[in-house]
Amino acid sequence: MAESAPIVRMSGIVKQFPGARALDGVDFRLLPGEVHALMGENGAGKSTLIKVLTGVHPVDEGEIELAGRPVAFSGPLAAQQAGISTVYQEVNLCGNLSVAENIFVGREPRKFGRIRWREVYRRADELLDRFDLDVDVSAPLSSCSLAVQQMVAIARAVDVEAKVLILDEPTSSLDADEVAQLFRVMRRLKEQGIAILFVSHFLDQIYEVADRITVLRNGRLVGEYLTRELPQVYLVAKMIGRELAELEKLEGKPLARTTEPLIEARDLGRAGAVNPFTLTIREGEVVGLAGLLGSGRTEIARLLFGADHAGGGSVHMGGKKVTLRSPRAAMNHKIAFCSENRREEGLVDELTVRENIVLALQADRGWSRPVSARKADELVRKYVAALNIKGDPDEPVRTLSGGNQQKVLLARWLIMEPRLLILDEPTRGIDVGAKAEIQRLVVELSDGGMAVLFISAELDEVLRLSHKVGVLRDRTLVAQLDNDDALTTDTLMGKIASGAPS
Amino acid sequence: MTATTLPARRFGVPRKYVPVAVTGCLFVAMFVIGGFRYESFATGQVVLNVFIDNAFLLVVAVGMTFVILSGGIDLSVGSVVALTTMVSATLMTGHGWPAWPVILLVLVMGSVLGFAMGAIIHYFEIQPFIVTLAGMFLARGLCYTIGTESISITDPVFTAFAQTRINLGPDLGISPSVLIAAVVVLVAGYVLHYTRLGRSVYAVGGNENSALLMGLPVARTKIAVYTISGFCSALGGILLSFYMLSGYGLHAVGMELDAIAAVVIGGALLTGGSGYLLGTVLGVLVLGLTQTILSFEGTLSSWWTRIFIGLLLLAFILLQRLIGVRRSLRPSGS
Amino acid sequence: GGGSTGADAGGSGGGDKLVMGFSQVGAESGWRTANTKSVQDSAKTAGIELKFSDAQQKQENQIKAIRSFIQQKVDVIAFSPVVESGWDTVLKEAQNAKIPVVLTDRAVDSKDTSLYKTFLGSDFIEEGKKAGQWLVDQYKDETGDVNIVELQGTTGSAPANDRKAGFGEVIAADPKFKIIASQTGDFTRAKGKEVMEAFLKSNSDIDVLFAHNDDMGLGAIEAIEGAGKVPGKDIKIITIDAVKDGMQALADGKINYIVECSPLLGPQLMDLAKKVVAGEAVPQRVVTEETTFTQEKAKEVLSSRQY
Amino acid sequence: MSELIRNRLFWPVLILVGLMALNVAFTDNFLNIQVKDGHLYGSLIDILRFGAPLILVALGMTLVIATRGIDLSVGSVVAIAGALACLRISDLGDQNSVTGVLAAVGVTLALTLVLGAWNGFLVAAVGIQPIIATLILMVAGRGLAQLITDGQIVTINSSPYKLIGGGYWLTLPFSILIVVALVALTAFLTRRLALGMFIEAVGGNAEASRLSGIRSRGVLVVVYTFCALCAGIAGLMISSNVSSADGNYAGLWIELDAILAVVIGGTSLAGGRFSISGTILGALIIQTLTTTVYSIGVPPETTLLFKALVVTIVCLLQSPAFRQKVVKRRARPVAPAPAPMSEREPVTNR
Ligand SMILES: Nc1ncnc2c1ncn2[C@@H]1O[C@H](COP(=O)(O)OP(=O)(O)OP(=O)(O)O)[C@@H](O)[C@H]1O
Ligand SMILES: Nc1ncnc2c1ncn2[C@@H]1O[C@H](COP(=O)(O)OP(=O)(O)OP(=O)(O)O)[C@@H](O)[C@H]1O
Ligand SMILES: [Mg+2]
Ligand SMILES: [Mg+2]
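Chains as they are written, first to last, in my numbering: chain A, 175 to 676; chain B, 974 to 1307; chain C, 1099 to 1405; chain D, 187 to 536.
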């Protein structure tokens, strides 16, 4: 690969937030026609670097050059006009607008200043077809699942004629097929000479698509490497600053068939969301759910937590019928639910990290019995340490990096010591180290007798953790497979695709 | 990921139009009930009178719709209306200015005021409620500084606008103000649905932060919205001058609440990003028809009038909710 | 025009009962409520069907109401205008529909006096003048300055403007009368008290208080008492309206002088309405009978006050 | 020093002090507090006394706003409370009977609780937008108040009732004692107990709160009920202060003043975090402003201009963006900012 002149060059970038120095003298360059991965632990400063580049945050020190000329963008609009198209980490779209509009708002095809709606819808349809996405483009975006929203955000960014495309964790809630689609598009863009900055915590993805890697640690530059010259283990070591011991090994999960059923869903269903299903989860059992986007995994989780009202069927615990009318009721039965959409359904932005962590516990105790400051301190300190949450517990949770926010949400439910823990995409946006940490935690918890319903887009992860895997297809639970040696990702894929019993 | 995963979405009224449709139906229902209850109610002129009597409110509410759609609020509209009538009356009656320059001047004045408030709201990140509240004090205060008396307008142009009736048929007529209001509604509808500005208004109202990250011109949109509202208030003030033929510092007290109520009754969400101009038109009509019903009733004491307005509002909102919720429950979604 | 009443088949009462549409300003004060009651009661006694509409202090609402009266084809329209100006359009519509109009309580400034038949009501300027005159008479021997504080009605409202003007005109004759503070008390007791407390703190030597209505005066009395002074003695108090509470305070010696503004226009209004509909000639201006009260007079009439 | 400036109460306090200074400049004995007839007397005491109802209403409003709501009906509730209490007392054989007055007050407060619960019901259970839900009671409530008083001003003569808003206890105005008690109670409920956290969570993200097991509806109903209760007590104070109830004017536009006080105090209308002390400061600023208008003799015609001016200054000063963009811009050429920053120890996340 002949080194051409970098299209983006950032040098000596410093960004200080109240309470955190997010970037400290970082140099970075991006060459045309390459896919450049930006790597680092949660809170390393990846998103901040991107935001500084595109003018969301002003730089405190340092210089940014675009195609050799110094620039200082006043905001994303200016960056976009200069040819930098960005998908930020959290899906940043307008739920009240239609899917098509979210793709085109601000740059709609017009004739004499009048928006040509037909054209908007037609082009949106076309564009989404390219991503193999079949959605009603006139439906409001908020009616789509997070994954679809993420695809829409990507489609919007890709459709802009840009010299630089920035994707901050675009794949965090996509499944394998979607990711493959995305990579196909990325490769095509790369061939057209577009520079792509790509952030992901999936090492496999990085190795599949990236040409070059820049690693950040604690807001400092560790180095820039060619992907093919940097083996995975070294990459991880550079990211976390030490060797990651035994990442892949997870021990101790004999099939716990003998334990009592903890919760049984009988013909539970909800019209338009998920077809009636029957599912039993035993104490100490990890049940994984696999399926494509919108196949209804989240819906099952929400029904079991009482977040939505079931249309029919019943739930039994300990042989007795229980009604899960509200999250409260579910919590009374010691069920906990860690939602996939941490921003809308999980965290309360304005509250501090500490408050967010004790929120569910406090809700459980009621308003008149406050969690004492000492107890709260103790819990917070314990889980901040256990999950390695980086950030000041007394700062608003919104100032944390995406991955650390996810850990806060997890901590909230872990202190509840539930009997059934529902985890919907808990490893979304979490770095390798922390992911291994969380996986180990799940195993530990289930060994201790807790039942876990584990939802993840990564089949590997589902397979590694679960005793039993439920497969969903078109909102129907089509199969429940015991996770023995015969079960591989391939057989699972087959199930998801065909639905026929093998 | 096949087409079968999609719930059928295209039956009947699309969900996003349900609030507006419900409001429309309820409006018709109100009219029919009134027609049965009162003699000489069910005539075309009663409906036209609702337009004649509320043309200015309609224009003001159109401006308010922009603001509310963008997630803001504008409390200054009533005062700006009053200020407009006051300035017009003083200039024409007191200083002998001709009508057209005055009209131009007050329109510019309203827009500038709106622009200034929008700029403060955006650049200094102060809540719209407070900025426009200060604007409300300012405009009303300016009225009183100009004069505390009510000033008659005798200008021939204004009188002509006030007293001309455009005949639509036997015993049916509208005022020119109605036409002006109609034009404003049409233009505003076009802007909201067929221009980038309009769509940016919805986007900013939906999620300002996202809109910013999506690269939309948030600053321009927010300032434009308040400028439009200021302009509409001034225009509404001119229509009110036509209607009253006077300028007075106590005109249009509380009109901001009427305008907000009209927009919200029409199904818009105060949190922004959701609602339609047609809803606003219906909202104004509902408020107007309520008043008509009250004066046809004609036996209510002052306090029963207020209680009755409250009850009508309640009944209306409740029905709107109940019907709207039942309709929108049918399609899926959490 | 005028006399064509029989042709109006409308009116919801049917038959030949006279239908009157009456648009009231609102119910903003006890005075106004008494006024409304008087109109409603006398309509009943006079056998007139009353269509009553409350405008909640807004002119546009009054115009709407009048327009709907025209639509309902009432026989006669009466209303108390919120303000003087801006009535031409709708009054012309009434004229075109051949419905006679009677004004009560307050005039309109239309050049075309044929738009209404007659105007029945009191004269706010005159009330202010009466108040001022009493003051001038009381202090005619006084040589030093007379420090006056004024509690105005709602800023911009007609009674506030006119009473202030009338009062100011009379006392301007002598430079010893000085209005040292003047502030709106919104016609309410609470505001009257609050403003007076502030006056008492910032001005040490207040001789006279002129309040645009009884209620503000009553509020101010509490403030004066709270400051350890004697209302009616240390500070002389003049008010306007003569509602019952005010008369009581006058009789108790806490107020010194009240100018009456009578709300009981009902009987006269019904009388005029009948005449107007029958096509009889009526005077352009009918002034209500109003008087003034001193402390002695108040004691005499207190028991017979209706409102 | 910079610590101090960053405190969010710094600017409201500064503004309050500024207004006071203005008063001192215009009025000789503004800061004087004497004992007259066995109670405290002076302009400062007046500000507290007349500010008491506003503080109460703003207190309730703070919690409502923290849940991302708004309550327009407080003015009407003020009127209803005054009207009902005065009517009940005027019906008493002996208006000075303490039990009779207590009963009247009890009935009135019970009614305000019902009214507040009604608002809460509309918002939480029916799901009507707060501004419209409370607009209904705002319009109808004032009619109700007038219905109770029959459009007249009900005058009473009851010394126990007079105590609430106009009386003194241990030389202190009783209304201030009530305010102190209620503020202390609220602070206890929200800051010592967990109610405040629930309110902030519901206001910050209602769906997330529900999924964390908070009964958001219950919280909403409680908050609206509390707000109406505060307004009701304020209504008692206002009517007691002048020994009469005015259905039309009592509490007119108090909702605007209350909202203004809340916002000046630093609570965002977008919900979430709230500050009780800020609200109290805000209410005091507004009341001081009103008193200033009276005592420095601003003519009624320009009162609103004056108010607009002060509100604008207050809000601009309080806005960090304003200070940054206008104040700092001037300062920059004098001392380039970044230099000292880089010398600071880098904050590491270890
Ligand atoms: N607005 C803000 N205010 C204060 N601190 C912030 C803000 N945004 C980010 N930070 C801090 O800056 C640091 C870097 O955050 P950043 O979001 O860049 O991390 P990241 O590398 O993207 O991590 P992740 O993989 O979890 O998304 C973190 O310590 C975070 O707490
Ligand atoms: N490819 C798609 N085409 C159309 N609609 C989709 C698609 N994917 C998801 N949806 C919509 O998203 C909604 C949410 O589905 P749900 O949250 O149960 O999915 P899931 O299995 O949890 O998937 P994920 O969490 O990965 O998005 C569904 O109602 C569906 O309408
Ligand atoms: Mg990030
Ligand atoms: Mg999901």
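Just so you know, even glycine gets a beta-carbon here, dropped at the ideal spot from N, CA and C.
Source: prediction; values computed, not measured.
DSSP on residue i, reduced to helix/strand/coil?
| i | result |
| --- | --- |
| leucine 421(A) | At leucine 421(A), the pLDDT of 49 sits below 50, so the modelled position is not reliable and the matter cannot be decided from this model. |
| histidine 210(A) | strand |
| asparagine 1406(C) | Limits of chain C in this structure are 1099 at one end and 1405 at the other, which puts residue 1406(C) out of reach. |
| alanine 660(A) | coil |
| aspartate 1152(C) | strand |
| phenylalanine 460(D) | coil |
| lysine 1331(C) | coil |
| histidine 225(D) | strand |
| threonine 465(D) | helix |
| serine 1280(C) | strand |
| isoleucine 443(D) | Per the sequence shown, residue 443(D) should be read as aspartate rather than isoleucine. Aspartate 443(D) falls in the helix class under three-state DSSP. |
| cysteine 1205(B) | helix |
| leucine 1311(B) | Residue 1311(B) lies beyond the range of chain B shown here (974 to 1307); nothing can be said about it. |
| glycine 390(D) | helix |
| lysine 413(A) | It should be pointed out that residue 413(A) corresponds to methionine in this sequence rather than to lysine. Three-state result, methionine 413(A): helix. |
Is residue i near ligand 3, in the sense that its beta carbon is under 7 Å from a heavy atom of that ligand?
| i | result |
| --- | --- |
| leucine 254(A) | This sequence places glutamine at residue 254(A); leucine is not what is there. No. |
| lysine 220(A) | yes |
| glycine 576(A) | yes |
| aspartate 342(A) | yes |
| glutamine 263(A) | yes |
Does residue i pass the burial test, meaning 16 or more other C-beta atoms within 10 Å, or should it be called exposed?
| i | result |
| --- | --- |
| aspartate 1128(B) | buried |
| isoleucine 1139(B) | exposed |
| asparagine 678(A) | Because chain A spans 175 through 676 in this model, residue 678(A) falls outside it and cannot be assessed. |
| lysine 702(A) | Nothing about residue 702(A) can be reported from this structure: the residues present for chain A run from 175 to 676 only. |
| valine 263(D) | buried |
| proline 239(D) | buried |
| proline 506(D) | exposed |
| glutamate 300(A) | exposed |
| alanine 521(D) | Residue confidence is low: alanine 521(D) scores 35 on pLDDT, short of 50, so the model does not pin down where it sits. Its coordinate-derived value is still stated next. Exposed: under 16 other Cβ atoms inside 10 Å. |
| aspartate 201(A) | exposed |
Under 7 Å from any heavy atom of ligand 1, does the C-beta of residue i make it?
| i | result |
| --- | --- |
| alanine 327(A) | no |
| aspartate 605(A) | yes |
| phenylalanine 376(A) | no |
| proline 346(D) | no |
| proline 250(A) | no |
| threonine 573(A) | yes |
| proline 192(A) | yes |
Whose Cβ in chain E lies nearer than 9 Å to the Cβ of residue i?
| i | result |
| --- | --- |
| tyrosine 1096(B) | Of the protein chains in the structure, A, B, C and D, none is chain E. |
Regarding residue i and ligand 6, is the C-beta to nearest heavy atom distance less than 7 Å?
| i | result |
| --- | --- |
| glycine 217(A) | Ligand 6 is not among the ligands present in this structure, which contains only ligand 1, ligand 2, ligand 3 and ligand 4. |
Subject >> Contact list for the region 392-418 of chain D against chain B, Cβ threshold 8 Å >> reply: none
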